[in-house]
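As you go down the protein sequences, you meet chains E and L in turn. No gaps in the numbering here: position 62 of the first sequence is 279 in the numbering used here, and each next residue is one more. No gaps in the numbering here: position 178 of the second sequence is 395 in the numbering used here, and each next residue is one more. Glycine included, every Cβ here is placed at the ideal spot set by N, Cα and C. This report refers to the structure that appears directly beneath it.
There are 2 protein chains.
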Amino acid sequence: MFTLSEENYLKTIYHLGLNSEIGVSTNEIAKKMQTKASSVTDMIKKLSDKNLVVYKKYKGVRITDFGRNTAANIVRKHRLWEVFLVEKLNFSWDEVHEVAEQLEHIKSPKLINELDALLGFPKQDPHGDPIPDKEGNYYPLEKKLLATLGIGEKGICVGVNDSSSSFLQFLDKQKIALGNEIKVLGKEPFDDSIQIQIANRELSISNKIANNLYIKILQGS
Amino acid sequence: MFTLSEENYLKTIYHLGLNSEIGVSTNEIAKKMQTKASSVTDMIKKLSDKNLVVYKKYKGVRITDFGRNTAANIVRKHRLWEVFLVEKLNFSWDEVHEVAEQLEHIKSPKLINELDALLGFPKQDPHGDPIPDKEGNYYPLEKKLLATLGIGEKGICVGVNDSSSSFLQFLDKQKIALGNEIKVLGKEPFDDSIQIQIANRELSISNKIANNLYIKILQGS
DNA sequence: TTATTATTTTAGATAAGACTAAAAATTAAT
DNA sequence: ATTAATTTTTAGTCTTATCTAAAATAATAA
Numbered sequence: 218m219f220t221l222s223e224e225n226y227l228k229t230i231y232h233l234g235l236n237s238e239i240g241v242s243t244n245e246i247a248k249k250m251q252t253k254a255s256s257v258t259d260m261i262k263k264l265s266d267k268n269l270v271v272y273k274k275y276k277g278v279r280i281t282d283f284g285r286n287t288a289a290n291i292v293r294k295h296r297l298w299e300v301f302l303v304e305k306l307n308f309s310w311d312e313v314h315e316v317a318e319q320l321e322h323i324k325s326p327k328l329i330n331e332l333d334a335l336l337g338f339p340k341q342d343p344h345g346d347p348i349p350d351k352e353g354n355y356y357p358l359e360k361k362l363l364a365t366l367g368i369g370e371k372g373i374c375v376g377v378n379d380s381s382s383s384f385l386q387f388l389d390k391q392k393i394a395l396g397n398e399i400k401v402l403g404k405e406p407f408d409d410s411i412q413i414q415i416a417n418r419e420l421s422i423s424n425k426i427a428n429n430l431y432i433k434i435l436q437g438s
Numbered sequence: 218m219f220t221l222s223e224e225n226y227l228k229t230i231y232h233l234g235l236n237s238e239i240g241v242s243t244n245e246i247a248k249k250m251q252t253k254a255s256s257v258t259d260m261i262k263k264l265s266d267k268n269l270v271v272y273k274k275y276k277g278v279r280i281t282d283f284g285r286n287t288a289a290n291i292v293r294k295h296r297l298w299e300v301f302l303v304e305k306l307n308f309s310w311d312e313v314h315e316v317a318e319q320l321e322h323i324k325s326p327k328l329i330n331e332l333d334a335l336l337g338f339p340k341q342d343p344h345g346d347p348i349p350d351k352e353g354n355y356y357p358l359e360k361k362l363l364a365t366l367g368i369g370e371k372g373i374c375v376g377v378n379d380s381s382s383s384f385l386q387f388l389d390k391q392k393i394a395l396g397n398e399i400k401v402l403g404k405e406p407f408d409d410s411i412q413i414q415i416a417n418r419e420l421s422i423s424n425k426i427a428n429n430l431y432i433k434i435l436q437g438s
């Protein structure tokens with residue numbers, strides 16, 4: 218099995234490598250993990266010894282199939298715990314991350330499979346991010362940023378781009394939650410703000426907000 | 218906050234000190250934790266620096282009020298998680314300990330309070346051990362060993378003395394569970410075995426088993 | 001293409017937690 | 001009350017994960 222530190226590095230490498238064809242650089246990892254490049258080099262060697270990544274000096278790392286699988290399993294645990302915290306323990310979506318960061322390292326296959334069942338085999342976490350299955354596969358939602366919708370289009374709020382707690386708290390305050398139906402009523406060219414209808418209320422949303430909210434387009438809108 | 222290791226040592230000292238007036242010895246701790254006495258001495262100094270125990274060289278340690286409170290909180294978390302695993306995730310009582318050993322170190326007051334509420338504020342864990350409240354107080358059940366009951370007495374199975382997985386698995390196999398009503402039908406002087414009635418079945422129980430099962434006496438039996 | 005800058009790695013140090021072996025203190029036995 | 005046996009502590013070493021400072025390599029600019 219892997220240490221806490223190894224799991225955290227692996228997870229970071231997994232996330233950073235998702236949208237890039239080339240290797241993940243030492244500095245990128247160091248910045249993301251708030252640590253020093255030399256520490257990253259040390260850890261990369263350990264992960265490489267355990268066949269979780271392929272490492273070529275000065276060329277960054279690429280995750281292996283084994284590493285990807287291992288990382289996806291940690292992400293699966295993280296996101297299932299987030300669902301549990303929100304659905305069963307009354308956490309709000311800005312409170313879940315920190316606790317899930319701890320819970321994701323608990324080792325017990327039975328625990329996580331039973332938790333999955335208790336929650337009804339959810340496919341997304343409270344931020345709309347997909348939950349990998351036992352094999353590490355997941356199916357990202359077809360989604361667009363609210364800012365890219367045209368006037369008259371409507372959809373369901375399915376996720377956030379920025380999951381900083383200040384943004385999530387803002388959404389809570391405005392009573393915008395996952396699952397809400399949102400319709401674009403108008404767009405203001407002057408400041409790129411957007412007028413929307415949500416749960417029978419009308420709101421004006423700044424461009425910055427609209428660029429951080431993901432919407433699943435409803436058919437026939 | 219405390220490290221994983223510090224918490225584990227503290228918990229052991231707490232348990233070993235419960236039924237003794239004098240200090241807990243280095244060797245006792247080492248034996249219980251499957252480690253070496255020298256490692257214990259090192260750790261004791263750290264716990265002492267953090268005011269969790271009082272340490273006098275060659276005289277063992279005594280837990281402080283602060284230490285006792287901290288330890289009781291870890292025990293509280295351990296036992297609440299055990300209830301959760303059995304009640305919500307279909308674990309059997311011999312499977313819960315190992316996972317609870319991990320979960321008890323998760324840091325989040327909200328998590329544990331909400332979990333407590335989800336479970337309906339239970340007072341005992343699946344082995345019948347009392348769950349401390351937020352202040353670290355708990356109320357042990359009035360209980361007797363099955364072996365000490367007289368013929369005709371009856372009570373409810375409320376706990377085990379030995380919680381080794383082999384014993385717990387034996388109980389599972391015999392369909393003896395917490396909450397079952399047990400009546401003593403007879404005692405065999407030759408081998409000190411006991412005949413009991415449990416859930417409309419009659420069973421013969423060896424003395425060794427009867428010395429590891431706690432019974433809450435029912436009034437008027 | 002060479003010099004400059006940025007990135008990455010190496011070397012050496014530190015802290016936590018564990019170990020072994022030896023020394024010191026306590027307890028038990030004669 | 002000494003000696004012997006046991007317990008406990010100290011001293012020194014090891015591993016993991018981190019750091020700083022310096023060296024090596026790669027990328028960029030003149």
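(request) Return the chain-ordered ranges of every alpha helix (DSSP H) run that is complete within the stretch 232-274 of chain E and spans a minimum of 4 residues. (result) Complete alpha helix (DSSP H) runs here, min 4: 243-250, 254-266.
(message) Looking only at its chain, what residues have a beta carbon closer than 7 Å to the beta carbon of LYS400/E, apart from the 5 residues adjacent to it on each side?
(response) Within the same chain, LYS400/E has close Cβ partners LYS371, ILE413, GLN414.
(request) Figure out for me which residue from ALA427/E, MET218/E, LYS228/E, PRO347/E has the closest Cα to the Cα of ASP408/E. (result) Measuring from the Cα of ASP408/E, the nearest candidate turns out to be ALA427/E.
(request) Out of ASP342/E, LYS267/E, ILE291/E, LYS262/E, point me to the one whose CA is closest to GLY353/E's CA. (result) For GLY353/E, the nearest C-alpha among the options comes from ILE291/E.
(message) Assess contact between the stretch 321-328 of chain L and the stretch 248-262 of chain L, defined as three or more Cβ pairs (one per stretch) separated by less than 8 Å. Is contact present?
(response) Too few Cβ pairs lie closer than 8 Å, so no.
(request) Please determine if the stretch 381-391 of chain E and the stretch 354-362 of chain E are in contact, where contact requires at least 3 C-beta pairs separated by less than 8 Å. (result) Output reads no: the stretch 354-362 of chain E does not touch the stretch 381-391 of chain E.
(message) Suppose contacts are defined by Cβ-Cβ distances below 9 Å. Is GLY337/E in contact with VAL375/E by that definition?
(response) Taking 9 Å as the Cβ cut-off, GLY337/E and VAL375/E do not qualify as a contacting pair.
(message) Out of ASP333/E, LYS273/E, LYS433/E, SER265/E, which one is the CA nearest neighbour of GLY396/E?
(response) Considering only alpha carbons, the answer is LYS433/E.
(request) Determine whether the Cβ of VAL316/L lies closer than 9 Å to any Cβ atom of chain E. (result) It does: the Cβ of VAL316/L has a partner Cβ on chain E nearer than 9 Å.
(request) Would you tell me roughly how many angstroms separate the C-alpha atoms of LYS360/E and TRP310/L, rounded to the nearest one? (result) Per the coordinates, the alpha-carbon of LYS360/E lies some 44 Å from the alpha-carbon of TRP310/L.
(request) May I ask you to list the residues that DSSP assigns as paired with VAL278/E? (result) Note: VAL278/E is bridge-paired with VAL241/E, TYR272/E in the DSSP secondary-structure output.
(message) For ASP379/E, tell me which candidate among ALA289/E, TYR431/E, LEU264/E has the shortest Cα-Cα distance.
(response) Measuring from the Cα of ASP379/E, the nearest candidate turns out to be TYR431/E.
(message) Using the three-state DSSP reduction, which class does ILE422/E fall into: helix, strand or coil?
(response) Looking at ILE422/E - three-state DSSP - the assignment turns out to be strand.
(message) When you compare the CB positions of PHE308/E and LYS294/L, do they come within less than 9 Å of one another, or not?
(response) No, Cβ-Cβ distance for PHE308/E and LYS294/L is not below 9 Å.
(request) Work out the CA separation of LEU269/L and PHE283/L for me, nearest whole Å. (result) In a straight line, the C-alpha of PHE283/L is about 6 Å away from that of LEU269/L.
(message) Does the CB of GLN319/L have a neighbour CB from chain E at under 9 Å?
(response) Yes, GLN319/L counts as interfacial toward chain E.
(request) Give the residues of chain L in contact with GLU224/E, contact being defined as C-beta atoms less than 7 Å apart. (result) Here the premise fails: no neighbours, minimum Cβ distance about 13 Å.
(message) Could you give the first and the last residue of the continuous alpha helix (DSSP H) run that contains LEU388/L?
(response) From DSSP, the alpha helix (DSSP H) with LEU388/L extends over 382-390.
(request) Output yes or no for whether 9 Å exceeds the beta carbon distance between ILE348/E and ARG296/E. (result) For ILE348/E and ARG296/E, yes; Cβs fall inside 9 Å.
(request) Report the residue from ASP333/L, GLU304/L, GLU299/L, ASN330/L whose alpha carbon sits nearest the alpha carbon of GLU318/L. (result) It is GLU299/L.
(message) Counting only Cβ pairs nearer than 7 Å, list the residues of chain E close to LEU332/L.
(response) Per Cβ cutoff of 7 Å: LEU306.
(request) Under 8 Å Cβ to Cβ from SER256/E, same chain only, skipping five residues before and after it: list those, please. (result) Cβ contact annotation for SER256/E (same chain, cutoff 8 Å, sequence separation greater than five): ALA247, in chain order.
(request) Note down, in chain order, every chain E residue with its Cβ under 8 Å from the Cβ of SER325/L. (result) Per Cβ cutoff of 8 Å: GLU315, VAL316, GLN319.
(message) Given this structure, state the Cα-to-Cα distance separating GLU405/L from LEU362/L, to the nearest angstrom.
(response) Their backbone Cα atoms lie some 17 Å apart in a straight line.
(message) Quick check: ILE368/E and LEU332/E, are their CB atoms within less than 9 Å of each other?
(response) No. Outside cutoff.
(request) For LEU402/E, go through chain L and note every residue whose CB falls closer than 9 Å to its CB, in chain order. (result) Under the 9 Å cutoff, chain L gives no residues; its nearest Cβ is about 38 Å from LEU402/E.
(request) Tell me GLU312/L's beta-bridge partners as DSSP assigns them. (result) According to DSSP, which records beta bridges pairwise, GLU312/L is partnered with nothing at all.
(message) To be precise: take each residue of the stretch 272-304 of chain E, compare its Cβ to all Cβ atoms of chain L, and keep it if any distance is under 7 Å. Which residues remain?
(response) From the stretch 272-304 of chain E, no residue has a Cβ closer than 7 Å to chain L.
(message) Beta-carbon within less than 6 Å of SER438/E's beta-carbon, same chain only, minus the 5 sequence neighbours each way: which residues are those?
(response) The predicted model places SER438/E with a pLDDT of 41, which falls under 50 and marks its position as unreliable, so this point remains unresolved.
(request) Indicate whether ALA288/E and LEU227/E have their beta-carbon atoms separated by less than 9 Å. (result) Yes, they are a contact pair.
(request) Work out the CA separation of VAL377/L and LEU366/L for me, nearest whole Å. (result) Approximately 15 Å between the Cα atoms of the pair.
(message) Does the CB of GLU238/E have a neighbour CB from chain L at under 9 Å?
(response) No, GLU238/E lies away from the interface with chain L (no Cβ there is under 9 Å from its Cβ).
(request) Rounded to whole angstroms, what's the CA-CA distance from VAL271/E to ALA364/E? Just pull it up for me. (result) One C-alpha to the other measures close to 39 Å.
(message) Counting only Cβ pairs nearer than 7 Å, list the residues of chain E close to LEU335/L.
(response) Going along chain E in sequence order, the residues near LEU335/L (Cβ under 7 Å) are LYS305, LEU306.
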